[in-house]
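Those sequence lines, one after another, are chains Y and E.
The first sequence begins at 1 in our numbering and counts up by one.
The second sequence begins at 1 in our numbering and counts up by one.
Single-structure report; data block below.
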Amino acid sequence: MSLELQHPAVAPQRLSHQFEQIDQQNEIYIVGMWTFLVTEIMFFGALFVALTVYRSVYPDAFEQAHSALNVWLGLTNTFILLTSSFTAAMAVRSKMLGQRVLTLLFLGITIVCAFGFLGVKYVEYSAEFREHHFPGPNFQWSQTVSPSTAQGDLAANSQVALGVPKIGVNEFPANYQPQQLELHKRELFFSLYFVMTGLHGFHVIIGILVLSTLWLLIYFNHPTVDDYMPVELAGLYWHFVDIVWIFLYPLVYLIGKQ
Amino acid sequence: MSSIPLNPGAIGTGGRTRARENYLNIKHTVSSWLLTADHKRIAVLYMISISVMFLFGGVAAAGIRIALVRPHDTFFSSETYNKLFSAHGIIMVFFFLVPSIPATLGNFLLPIMIGARDLAFPRLNLLSWYLYMFGAVLVMGAILFGGIDTGWTFYEPYSSVYSNTNVVAVIVGVFIAGFSSIATGINFLVTVHKMRAPGLTWFRLPLFVWAMYATSIIIVLGTPVVAITLLMVVLERVFGVCVFNPACGGDPILFEHLFWFYSHPAVYIMILPSMGIISEVIACFARKRIFGYEFVAFSSMAIALLGFLVWGHHMFVTGESMYSGMVFSLITFLIAVPSAIKVFNWSATLYKGNVWLTSPLVFAIGFILLFTIGGLTGLFLASLAVDVHLNMTYFVVAHFHYVMVGGAIFGYMAGLHFWWPKITGRMYPEGWAMLSAFIMFIGFNLTFFPQFILGFDGMPRRYHFYPPEFQMWNILSSAGSSVLAVGMIIPGIYFLWSLRYGALAPSNPWGAKGLEWTIPSPPPSHNFDNVPIVTEDAYAYEAIYAAELAGDYSHVEAPIPLGAEAEYSSPAEPSKLPNSSEERQ
Chain Y
1 MSLELQHPAV
11 APQRLSHQFE
21 QIDQQNEIYI
31 VGMWTFLVTE
41 IMFFGALFVA
51 LTVYRSVYPD
61 AFEQAHSALN
71 VWLGLTNTFI
81 LLTSSFTAAM
91 AVRSKMLGQR
101 VLTLLFLGIT
111 IVCAFGFLGV
121 KYVEYSAEFR
131 EHHFPGPNFQ
141 WSQTVSPSTA
151 QGDLAANSQV
161 ALGVPKIGVN
171 EFPANYQPQQ
181 LELHKRELFF
191 SLYFVMTGLH
201 GFHVIIGILV
211 LSTLWLLIYF
221 NHPTVDDYMP
231 VELAGLYWHF
241 VDIVWIFLYP
251 LVYLIGKQ
Chain E
1 MSSIPLNPGA
11 IGTGGRTRAR
21 ENYLNIKHTV
31 SSWLLTADHK
41 RIAVLYMISI
51 SVMFLFGGVA
61 AAGIRIALVR
71 PHDTFFSSET
81 YNKLFSAHGI
91 IMVFFFLVPS
101 IPATLGNFLL
111 PIMIGARDLA
121 FPRLNLLSWY
131 LYMFGAVLVM
141 GAILFGGIDT
151 GWTFYEPYSS
161 VYSNTNVVAV
171 IVGVFIAGFS
181 SIATGINFLV
191 TVHKMRAPGL
201 TWFRLPLFVW
211 AMYATSIIIV
221 LGTPVVAITL
231 LMVVLERVFG
241 VCVFNPACGG
251 DPILFEHLFW
261 FYSHPAVYIM
271 ILPSMGIISE
281 VIACFARKRI
291 FGYEFVAFSS
301 MAIALLGFLV
311 WGHHMFVTGE
321 SMYSGMVFSL
331 ITFLIAVPSA
341 IKVFNWSATL
351 YKGNVWLTSP
361 LVFAIGFILL
371 FTIGGLTGLF
381 LASLAVDVHL
391 NMTYFVVAHF
401 HYVMVGGAIF
411 GYMAGLHFWW
421 PKITGRMYPE
431 GWAMLSAFIM
441 FIGFNLTFFP
451 QFILGFDGMP
461 RRYHFYPPEF
471 QMWNILSSAG
481 SSVLAVGMII
491 PGIYFLWSLR
501 YGALAPSNPW
511 GAKGLEWTIP
521 SPPPSHNFDN
531 VPIVTEDAYA
541 YEAIYAAELA
551 GDYSHVEAPI
561 PLGAEAEYSS
571 PAEPSKLPNS
581 SEERQ
C-alpha cells in the first residue's frame, strides 16, 4: 500500500468489531474512500467525454458559446476552491494533532469558502438565466453569427454525419436557415455546461453538509469525532470536489480563448 | 453418497433440542433484521428481495411468451406488449441478474471465505440493500401503474422525447439501484484487499473470491457511467436540456456508447460470479484441485478488463465507423479466449476426477453446456458481416439468454444448492433438486433453441406480430418456457419446505474445502471465534480423496453437545468416523 500514513498517537481511535487492528481499520477507510472517488471520477468522466466529443464535432459553435461565460467569476471560484482545499488539508492536520480549536477554525473557513463558491455560482447562473442561456424552450442566442462560420460548421457537420465528400453550401435548399441549427448547438454547449457545473455544485452542497456536520460534532465534543478519520475522509472528498473544478474550469471556460 | 440422507427427516428434524446460537436465531425481532449490519442477514434480505423481483420479471416473460404464441396476438394490446418486454428486461437485468450472486451468495460467503468477521463496511452494506429496495419499489410502482415501453436499453431520443410512459420514475429507480451495486462493489474490493486472514495469499483465495473481485472492479468502474448517462436522459425529459437529442445537434449514438460502456461489462457482472461458483462446485465434486488455478483466476481478471473494450459491438449497424467496428470485433473475439480457458479448465478438472454427481454439479454441468453454446453464438454476432444479418433478431435474444439464463441462473442455482445447507442449516431433498435441474435444462433449451432458428430466419426481436411461418418455432418456445417455469417453481417449493422439514445440515455436508465449511451451519453471527490461519492452497482435495478411498471419511459429524461450540473455531481435520462412502467408489 503506497498510502502510508503516520497514524497519530494523540487522537484516540476506536476499533470496529470486524477489524483486528487500528492500522487495518484506518487503511480500509482510506482505501474505501479512494475507491469511492474512483467511481466519482467515472461519474464525471462520462460528462467530460460528452463535452470533448461535441466540442470536436461543433468547434465553432462551442467556441462562440463558451465566450458567453464569465471567465473572471470562474477564476474567482477557482481561487476560492483552492483556498478551501488548503484549509481542508490544514483541518485534517490539526485534527490529527488533536488541536480542537484550530480544527474548528480551518473547517469553518472551508465551509465559508464553499458557501462563497455557491454564491459566485448563483451570480453566474442568474446572469445566464437572464440572458436565456438555460437550455429548453426559452433558450435564445442574441449574439450575431457570422454566416461563413455557420455554413462552414454545417458543411463539416454533414461530412461527419454522412461520411460523404464535402457538400457545397449552395446545395442546401434555399429556405434552409443555418442559424437555427447554430442556435441549437449552443444550446448543446449550455446543456453540458449546466449539467456539469450543476452536478459539481451538487457535490459542493453535499460537501457543505458533511463538513458542517463534522464541525458541529467537533464543537459539541461528540465521541464519534474523537477519531480523526472522519475529518480525513471528508478532506479527501473535498479535495476531489476541488479537482473536478480544476478540470472543469479550463475545459468549459478557457479552452478556445486565444 | 450414502452419507447424505436423501430422505429428509432421517437425522431428526430439530426443534426438540435447543439449537446452537447462530446468525439466524440470535435475535428474532423485525428490527434485528431490518437494522442488521451482519453480512449474512443482509444476504438473506437480498435473497428474498431478488427472488420477489425474479418472480415479477418471470411473470412479464410469461406474458411475452403468451403473446407470441399467435402471429397476430389479440391477448395483449401492442402497447401492453411493449411494456411487458420492457418490464421483463429492466427487472431481470437491473434488479435480478446484477445483484443476484454478488449481493446474496457473495455477501454471505466472501467474508467467510477470506476468514473475516464481516465486510469492511457493514453499514454501507445495509444501505446498499435499502437503496436496492427503494429503487425496486419505485420501478415496480412505475411498471404497475402505467409501465414503460422503451425496452431496458432506454435508447435516445425515444426515451427522452417521444415515449409517453413512466420513463423518469423507472430511470430514477435504476439510478438508485446502481448506487446499491456500487456500494457492494466498493465493499468487496476493500474487503478482499485488506481483510484476508493470515496466510491467505492472493493465490490461495477460492476462485469465487477472485470472481467477486473481478466483478467488483466492473461494478466500480462501469456503473457510475451508466448512472450519469441515464441521469442526462431524465434531465432531457424534465428540464428540456439537450445532450443526446438530435433535434439540437446531440448524438444518440453517444448515448449508446456511454450506455454500453456499462451495459456490456454488466453482462460480465452477471456471468463472472457464476463462473466463480462453477469453479467451487466442480473442484469439490470432482475431488480435485481446479486445473490451472492461476489461469482461471487471471481469466476472470482478463474478462473484467477486456470487457470494457468491446462495447462497440452493440453498434455495428448504427453508423459507427467501420474501423472502430473492426477493432471492436477483434477485441470481442479476444474475450472468447479467457472464457474458453475457463471452460477447458473445468472440463480438465472433471476429467479423471472422482466425480460425485449431486444436484449442484448437475447444475454446473448444465452451465458449462449452455454457456458454451451461448459463448460460441456470441462469436457469430461478433463477426461484422454476420452481425448485419443477425442484429436485432431473435438470434441475439437466444444468445444472451443462453449466457444469462443458461449461464448466470444455472450458476446461481448451482451455488444456491451448494451453499444452501451452510446458509440455512438444512438439507434440501436431493432427488427433487436433481429433477428440477433436468426439467430446467430441458425447458431452457426448448425455450431458447428455437429462437436461434427464428432469428436466423429473420424474426426481429421486440415485435408484437410476426409472419405466420414463424409460428411453429414460437409455439415450441412458449411451450418450453412453461417447462422452464415448472423447473424454477420446484426449487422454490422444496427450498421453502426444507427450511422447516429439511434434515439438519452438518457443517460440511459435501466434504468440501474452504473456510466456510470449517464453521457450523448456519454460521454463528461473528463467523469465526478465532481468526483462522490458512496454511494450504485452495482446493487441496487430495487428503479428503485419500481418506475417502481408505473408507475412513464421513461427511456426517458426531452430534455436538450443547456448549461445545468452541470446538468449531479451529479448522480441524476432517472428522474421522467409521462411516464410509463406498457407494462413491
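Glycine included, each C-beta is placed from N, C-alpha and C at the ideal position.
Can the beta-carbon of residue 204 of chain Y be found closer than 8 Å to that of residue 117 of chain Y? Yes.
Cross-strand partners of residue 393 of chain E (DSSP beta bridge): Looking at the DSSP assignment, residue 393 of chain E forms a beta bridge with E:460.
Using a C-beta cutoff of 8 Å, does residue 461 of chain E count as contacting chain Y? no
If you run the structure through DSSP and keep just helix, strand and coil, what is residue 426 of chain E? strand
So with Cβ pairs under 8 Å, would you call residue 28 of chain Y a contact of chain E? yes
Can you give me the start and stop residues for the alpha helix (DSSP H) that residue 367 of chain E sits inside? 359-382
Can you name, in chain order, every residue of its own chain whose Cβ lies under 7 Å from the Cβ of residue 187 of chain E, other than the five neighbours on each side? 119, 120, 121, 124 and 125
Three-state secondary structure (DSSP) at residue 306 of chain E? helix
In chain order, what residues of the same chain have a beta carbon less than 6 Å from the beta carbon of residue 161 of chain Y, not counting five sequence neighbours either side? Confidence is the limiting factor: at residue 161 of chain Y the pLDDT is only 44, short of 50, which leaves the residue's position unreliable and the question unanswerable from this model.
Check whether residue 595 of chain E and residue 213 of chain E have beta carbons under 8 Å apart: Chain E is shown from 1 up to 585; residue 595 of chain E falls before or after that span and cannot be answered.
Could you give the DSSP three-state label for residue 157 of chain Y: helix, strand or coil? In this predicted model, residue 157 of chain Y has a pLDDT of only 47, less than 50, meaning its place in the structure is not dependable enough to derive any value.
Give the DSSP-derived three-state secondary structure of residue 230 of chain E in the structure shown. helix
If you check the beta carbons only, do residue 138 of chain E and residue 176 of chain E fall under 8 Å apart? yes
Can you check DSSP and say which residues form a bridge with residue 504 of chain E? E:426
Check residue 23 of chain E in the structure and name its three-state DSSP category. coil
Since I believe residue 22 of chain E is in contact with residue 520 of chain E (beta carbons under 8 Å), could you give me their beta-carbon distance rounded to a whole number of angstroms? 7 Å
Could you tell me which uninterrupted alpha helix (DSSP H) segments, each at least 4 residues in length, are contained entirely in the stretch 52-128 of chain Y, listed from first to last along the chain? 59-66 and 71-96
Identify the contact partners of residue 224 of chain E in chain Y, using a Cβ-Cβ distance below 9 Å as the criterion. 38, 39, 40, 41, 42, 43, 44, 45 and 46
Range covered by the alpha helix (DSSP H) that runs through residue 132 of chain E: For residue 132 of chain E, the enclosing alpha helix (DSSP H) covers residues 122-144.
If contact is defined by three or more beta carbon pairs under 8 Å, each pair taking one atom from either stretch, is the stretch 267-280 of chain E in contact with the stretch 294-304 of chain E? Between the stretch 294-304 of chain E and the stretch 267-280 of chain E there are three or more C-beta pairs closer than 8 Å, enough to call the two in contact.
Can you check whether the CB of residue 231 of chain Y is closer than 8 Å to the CB of residue 95 of chain Y? yes
Who are the neighbours of residue 191 of chain Y on chain E, taking C-beta pairs under 7 Å? Near residue 191 of chain Y (Cβ distances below 7 Å), the residues of chain E are 241, 242 and 243.
How close, in whole Å, do the beta carbons of residue 424 of chain E and residue 199 of chain E come, if the pair is a contact with beta carbons under 8 Å? Not quite, the Cβ-Cβ distance comes to about 30 Å (not below 8 Å), so this is no contact.
With distances taken between CB atoms, is the gap from residue 415 of chain E to residue 367 of chain E smaller than 8 Å? Their beta carbons are not under 8 Å apart, which means residue 415 of chain E does not touch residue 367 of chain E by this criterion.
Residue 74 of chain E (DSSP reduced to helix, strand or coil): coil
Quick one: which residues of the stretch 296-318 of chain E get their C-beta closer than 9 Å to a C-beta of chain Y? List them in chain order. Residues: none.
Tell me, please, whether the stretch 102-117 of chain E touches the stretch 210-225 of chain E by the rule of three or more beta-carbon pairs shorter than 8 Å. yes
Which word fits residue 550 of chain E, buried or exposed, when buried means at least 16 other C-beta atoms lie within 10 angstroms of its C-beta? exposed
Expressed to the nearest angstrom, what Euclidean distance is found between the alpha-carbon atoms of residue 531 of chain E and residue 525 of chain E? 14 Å
Measure the C-alpha to C-alpha separation of residue 472 of chain E and residue 371 of chain E and round it to an integer number of angstroms. 26 Å
Would you check if the distance between the CB atom of residue 378 of chain E and the CB atom of residue 401 of chain E is smaller than 8 Å? no
Proximal residues of chain E, C-beta to C-beta of residue 15 of chain Y below 7 Å: Within 7 Å Cβ-Cβ: nothing; residue 15 of chain Y doesn't reach chain E, min ~12 Å.
In angstroms, rounded to a whole number, what distance separates the CA positions of residue 420 of chain E and residue 433 of chain E? 12 Å
Under 8 Å, Cβ to Cβ, is there at least one residue of chain Y near residue 117 of chain E? yes
How big is the Cα-Cα spacing for residue 270 of chain E and residue 103 of chain E? 11 Å
Leaving out the 5 sequence neighbours to the left and right, which residues in its chain are closer than 7 Å to residue 204 of chain E when beta-carbon positions are compared? 534, 537 and 538
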